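Participant: Chains as they are written, first to last, in my numbering: chain A, 1 to 175; chain B, 176 to 455.
Even for Gly, the Cβ is constructed at its ideal location relative to N, Cα and C.
All figures in this text were calculated on a predicted structure; none of them were measured in a lab.
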Amino acid sequence: MSDLRQLIRAAAGGDQRAFAALHARYARMVHAILLARLPATDAEDQVQEVFLAAWKKLGQLDDATGFGAWLAAIARNRAVDCLRRRRPTEALADGWPDARQPSSSDVAEARQVLAAIRGLPDAYRETLVMRLCEGMSGAEIAAMTGLEEGSVRVNLHRGMKLLREKLGVDGRVAS
Amino acid sequence: MSDYLFDKAGEADPEVERLEALLSPLAYRGAAPALPRRSSRRTWIAGAAATAAAAALVALVIARPWRPRPPAWMATVRDGATTRTTRLAVGEWLDTGATRVRLVVADIGTVELAAGTRARIVATGAARHEMELARGTLAAAIDAPPRRFVVDTPEAVVTDLGCAFELTVDEAGHGRLVVTAGKVAVRHGDAPEIVVPAGGRVALSQHAPPPPSAPPPSAPPPHHHHAPAHAPKPAAHAHAPKTPTPPAAPHPQPHAAPAKKDEPPRIQHDALKALQQSGE
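1. Interface residues of chain A around E195 of chain B at Cβ under 9 Å?
2. Report all residues from its chain with a CB closer than 6 Å to the CB of P321 of chain B; omit the five preceding and five following residues, and keep chain order.
3. A209 of chain B: which of A:G146, A:A27, A:Q16 and A:Y26 sits nearest, CA to CA?
4. Which residues of the segment 312–326 of chain B have a Cβ closer than 8 Å to any Cβ of chain A? Give them in chain order.
5. Assuming R323 of chain B contacts A294 of chain B under a Cβ cut-off of 8 Å, what Cβ separation, rounded to an integer in Å, is found between them?
6. Can you list, in chain order, the residues of its chain whose CB lies under 7 Å from that of P189 of chain B, leaving out five sequence neighbours each side?
7. Given E307 of chain B, which residues of its chain have a CB within under 6 Å of its CB, disregarding the five upstream and five downstream residues?
8. Indicate whether at least one CB of chain B lies closer than 8 Å to the CB of Q46 of chain A.
9. How would you call A36 of chain A, buried or exposed, if buried means at least 16 neighbouring beta carbons within 10 angstroms?
10. Mind the definition here: the segment 125–144 of chain A touches the segment 23–34 of chain A only if three or more C-beta pairs lie below 8 Å; say whether that holds.
11. Would you kindly report the start and end of the unbroken beta strand (DSSP E) that includes V371 of chain B?
12. Give the DSSP-derived three-state secondary structure of E149 of chain A in the structure shown.
13. Flag P39 of chain A as yes if its beta-carbon sits less than 8 Å from any beta-carbon of chain B, otherwise no.
14. What are the partner residues of G274 of chain B, as DSSP defines its beta bridges?
15. Quick one: grab the DSSP three-state call for A410 of chain B.
16. Hey, could you find the ends of the beta strand (DSSP E) I296 of chain B is sitting in?
17. Can you confirm whether A289 of chain B, when its beta carbon is compared against all beta carbons of chain A, has any partner nearer than 8 Å?
18. Does any residue of chain A bring its CB to less than 8 Å from the CB of P208 of chain B?
19. Among the candidates B:G291, B:F181, B:A378 and B:A250, whose CA atom is the shortest distance from the CA of H534 of chain B?
20. Would L180 of chain B pass as an interface residue toward chain A - the criterion being a Cβ-Cβ separation below 8 Å?
21. So is E165 of chain A in contact with chain B if we call contact Cβ pairs under 8 Å?
22. Note the first and the last residue of the continuous beta strand (DSSP E) segment covering G311 of chain B.
23. Does any CB atom of chain B fall closer than 8 Å to the CB of G168 of chain A?
24. Once DSSP output is grouped into helix, strand and coil, what is the label at A356 of chain B?
25. With a cut-off of 8 Å, do at least 3 Cβ pairs link the segment 190–202 of chain B to the segment 103–113 of chain A?
26. Along the chain, where does the beta strand (DSSP E) containing A339 of chain B start, and where does it finish?
27. Which of helix, strand or coil does DSSP assign to G14 of chain A?
28. Using a Cβ-Cβ cut-off of 6 Å (strictly less than) and excluding sequence neighbours within five positions of R5 of chain A, which residues of its own chain qualify?
29. Terminal residues of the continuous beta strand (DSSP E) containing R376 of chain B?
30. Should A411 of chain B be labelled buried (16 or more other beta-carbon atoms within 10 Å of its own) or exposed?
31. Suppose you measure from the CA of R253 of chain B to the CA of M136 of chain A; what does that come to, to the nearest Å?
32. Taking Cβ-Cβ distances below 9 Å as the criterion, which residues of the segment 336–348 of chain B are in contact with chain A?
33. Please classify D3 of chain A as buried or exposed, where buried requires at least 16 neighbouring CB atoms within 10 angstroms.
34. On the three-state DSSP scale, how would you describe D327 of chain B?
35. How far does the alpha helix (DSSP H) with T41 of chain A in it reach, from first residue to last?
36. Got a sec: which bits of the segment 349–366 of chain B sit with their beta carbon under 9 Å from any beta carbon on chain A, in order along the chain?
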């Protein structure tokens with residue numbers, strides 16, 4: 001935690017390398033929170049916006065232990081803003097980052113799985129995206145978000161149970 | 176006992192593995208954003224010292240220090256295709272009338288005021304921004320660190336913990352809180368503070384019946400590190416999402432927050448009124 005405190009203090013003082021270190025540590029959490037609500041291409045773009053907003057306001061943060069939760073709040077609000085700005089007729093189509101194009105059937109199925117995850121309550125969808133997309137362990141999720149490890153474990157298992165119910169018996173999306 | 180879903184160790188769950196393989200191409204791989212140049216604290220202090228004399232001279236000529244500092248909250252009125260923005264001063268009541276108003280809360284977020292809303296800024300500063308909602312509905316999206324944004328209602332004090340929420344106060348002064356993201360703290364008088372997580376709905380009425388449970392829609396309550404919305408609430412009462420707000424009990428002072436009884440409501444913010452009447 002003292003390491004985090006030092007990074008935050010340095011970044012708040014204008015140290016861009018310290019801020020890059022914070023980005024390296026927290027970007028996956030921020031991306032997961034955005035991806036749990038926004039199309040993949042939008043989520044990638046908005047990660048940058050979230051960190052720019054944090055960079056501008058970092059001086060307001062006086063408790064390093066709250067950094068992850070604060071960053072998460074910025075990400076959630078950014079996602080809410082993006083969805084609000086979207087025209088009502090604009091579909092929430094999931095773009096796919098060009099450089100990571102798997103087979104078209106996998107893309108279609110991944111989109112359906114993501115849509116199912118996005119239909120879950122906030123706490124479940126965020127932790128599931130952190131775990132399944134970003135590859136974060138439960139302990140990492142707890143450390144980043146400020147949640148208790150026990151709470152993360154429960155959210156993962158309850159979320160997975162609900163996701164299984166939405167998906168077919170063999171794990172594929174029920175038609 | 177190993178738990179593959181939690182700690183990625185031990186015997187793998189094939190379904191979890193398959194979902195990981197399917198979704199992992201979406202993992203974030205971006206670099207840190209290009210940051211706008213910001214001088215370090217040391218440089219800033221040196222620069223500030225070097226320009227202090229010139230700045231003081233300019234300030235005396237231009238700023239006239241006996242005048243109050245300009246308010247940092249901006250109100251934007253949307254009336255059809257027309258949008259007008261004005262500054263909102265501390266203490267001035269704002270009646271939205273038939274229009275919606277968007278407030279930019281200093282540099283910490285935004286508050287959307289619905290039509291028929293009466294609200295004002297109570298205080299604004301680096302450490303705390305406080306507003307009062309006498310009636311109507313506001314939707315707040317706040318990026319500040321926890322406890323920097325506070326809304327007083329006639330029956331409770333609502334404190335942002337990093338979140339988005341919607342708050343409604345009816346004509347009788349009874350409130351209803353819906354947390355759409357993050358967490359919100361609610362305090363009613365001297366009762367212990369409760370923390371309401373995303374998905375939680377709370378009736379802010381001291382006359383409400385005992386609390387029922389408040390799970391998020393179609394799911395058991397997610398775990399948060401604060402008390403979930405279904406925990407017993409001594410003062411504010413949590414409700415399941417579709418539970419109607421209990422009947423409003425008579426309230427002695429419908430539009431005045433108890434802590435500010437001695438402060439009579441002011442007239443509608445003149446600048447805003449003028450904007451609304453301009454008809455553009």
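Facilitator: Result, derived from the coordinates:
1. Under the 9 Å cutoff, chain A gives R131, L132, C133 and G135.
2. Cβ within range, chain order: L336 and G337.
3. For A209 of chain B, the nearest C-alpha among the options comes from A:Q16.
4. Cβ contacts with chain A come from A316, I317, D318, A319, P320, P321 and R323.
5. At roughly 18 Å, the Cβ-Cβ gap does not stay under 8 Å, so R323 of chain B and A294 of chain B are not in contact.
6. Closer than 7 Å at Cβ, skipping near neighbours: no residue.
7. Listed in chain order, the non-local C-beta contacts of E307 of chain B below 6 Å within the same chain comprise R295, V297, D327 and A432, local neighbours out to five positions each way being set aside.
8. So no, Q46 of chain A is outside the interface.
9. The residue in question, A36 of chain A, is buried, as its Cβ has 16 or more Cβ neighbours within 10 Å.
10. In this structure the segment 125–144 of chain A touches the segment 23–34 of chain A; the number of beta carbon pairs closer than 8 Å is three or more.
11. In this chain, the beta strand (DSSP E) harbouring V371 of chain B covers I369 to P372.
12. Looking at E149 of chain A - three-state DSSP - the assignment turns out to be helix.
13. So, not an interface residue.
14. The sequence shown places Thr at residue 274 of chain B, not Gly. Its beta-bridge partners do not exist; DSSP assigns none.
15. Note on A410 of chain B: pLDDT 39, under 50, position unreliable in the model; the coordinate value appears next. The answer is coil: DSSP assigns A410 of chain B none of H, G, I, E or B.
16. First-last of the beta strand (DSSP E) with I296 of chain B: R293 to T299.
17. No, A289 of chain B does not count as interfacial toward chain A.
18. It does; some Cβ of chain A falls within 8 Å.
19. The requested residue 534 of chain B does not occur in the structure, where chain B is confined to residues 176 to 455.
20. Yes, L180 of chain B counts as interfacial toward chain A.
21. For E165 of chain A, the answer is no, since every Cβ of chain B falls outside 8 Å of its Cβ.
22. It spans H304 to I317 - the beta strand (DSSP E) in which G311 of chain B sits, taken as one unbroken run.
23. Not closer than 8 Å to any Cβ of chain B, the Cβ of G168 of chain A fails to qualify, so no.
24. Residue state, collapsed to three classes: strand.
25. Because the criterion of three Cβ pairs below 8 Å is met, the segment 190–202 of chain B and the segment 103–113 of chain A touch.
26. Where A339 of chain B is concerned, the enclosing beta strand (DSSP E) stretches over V332 to V344.
27. In the three-state scheme derived from DSSP, where H, G and I count as helix and E and B as strand, G14 of chain A is classed as coil.
28. A64.
29. Counting along the chain, the beta strand (DSSP E) containing R376 of chain B begins and ends at R376 to L379.
30. Since pLDDT at A411 of chain B reaches only 44, below the 50 mark, its modelled position is unreliable, and the value read off the structure follows with that caveat. Counting C-beta atoms within 10 angstroms of its own C-beta, A411 of chain B has 16 or more neighbours from the protein chains shown and is therefore classed as buried.
31. Approximately 43 Å, taken between the alpha carbons.
32. Residues of the segment 336–348 of chain B that bring their beta carbon within less than 9 Å of a beta carbon in chain A comprise L336, G337, C338 and A339, in sequence order.
33. Classification for D3 of chain A: exposed.
34. Three-state result, D327 of chain B: strand.
35. In the DSSP assignment, T41 of chain A falls within the unbroken alpha helix (DSSP H) covering A40 to K57.
36. Flagged, chain order: T355, A356, G357 and K358.
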